Amino acid sequence: MNEKTWMADPRLPYSTRMVPADGDMIEEYIIPEQEKKVVLETLYPFDPVPELNETMFDLHEEKLFRVGDFRVVRESGMNMLVSPYYFSSGGSVIDWMPPYFKPGGFLSRKIRGSSESLMTFSHGPRAL
């Protein structure tokens with residue numbers, strides 16, 4: 286039997302700070318503005334990689350945001366690209382949709398470096 290061993294992501298070369306969220310403390314990288322493009326190109330898992338000035342829709346928060354306002358957190362040994370709303374609603378890069386996306390819809394996105402795609406389904410607007 287061939288088992289894969291999980292290995293943590295190497296840490297990014299940036300300082301971090303601890304941010305409170307849901308009664309927990311989450312480690313967030315402090316990424317200089319001039320390095321955000323490189324970080325986005327490194328961590329964004331889909332093709333094509335958006336530009337920093339593009340707008341995306343966060344499925345969890347159900348709000349638009351500027352891609353360049355992304356954040357990167359470190360949890361469970363992983364560097365995670367997240368939306369600016371992550372600390373209030375938990376939207377990671379997998380929850381970033383094009384600005385025209387409507388809750389209740391679905392979207393297929395090509396995984397970078399692979400012939401595979403990821404299909405994302407939204408259950409519709411969240412109850413208030």
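Letter by letter, the sequence shown follows residues 286 to 413 in the working numbering.
Don't be surprised by glycine CBs; every beta carbon is placed ideally from N, CA and C.
Because the structure is a prediction, the values reported are computed rather than measured.
Counterpart residues of residue i in DSSP-defined beta bridges
i, result
"K395", "D332, S402"
"A293", "The partner list for A293 (beta bridge, DSSP) is empty, contrary to what the question assumes."
"L325", "L325 is not bridged to any residue."
"S368", "DSSP lists no partner for S368."
Of the residues the options, the one placed nearest residue i, counting alpha carbons only
i, options, result
"F342", "M292, I379, A293, R302", "I379"
Test: residue i CB closer than 7 Å to a CB of chain C
i, result
"L366", "Considering every chain present, this structure includes no chain C. It has just one protein chain."
Buried or exposed (CB count within 10 angstroms, at least 16 for buried), residue i
i, result
"F406", "exposed"
"L403", "exposed"
"G398", "exposed"
Query raised in the report: Any chance the segment 381–396 sits against the segment 328–338, with 3 or more Cβ pairs inside 8 Å?
Result: By the Cβ test, the segment 381–396 is in contact with the segment 328–338, since at least three Cβ pairs between them sit closer than 8 Å.
Query - Three CB pairs or more closer than 8 Å across the segment 337–351 and the segment 303–313 - result: At 8 Å Cβ cutoff, the stretches do not touch.
Report task. Decide if the segment 291–298 is in contact with the segment 358–375; the criterion is three or more beta carbon pairs, one per stretch, under 8 Å apart. Result -> Judged by Cβ distances under 8 Å, the segment 291–298 makes contact with the segment 358–375, as three or more pairs qualify.
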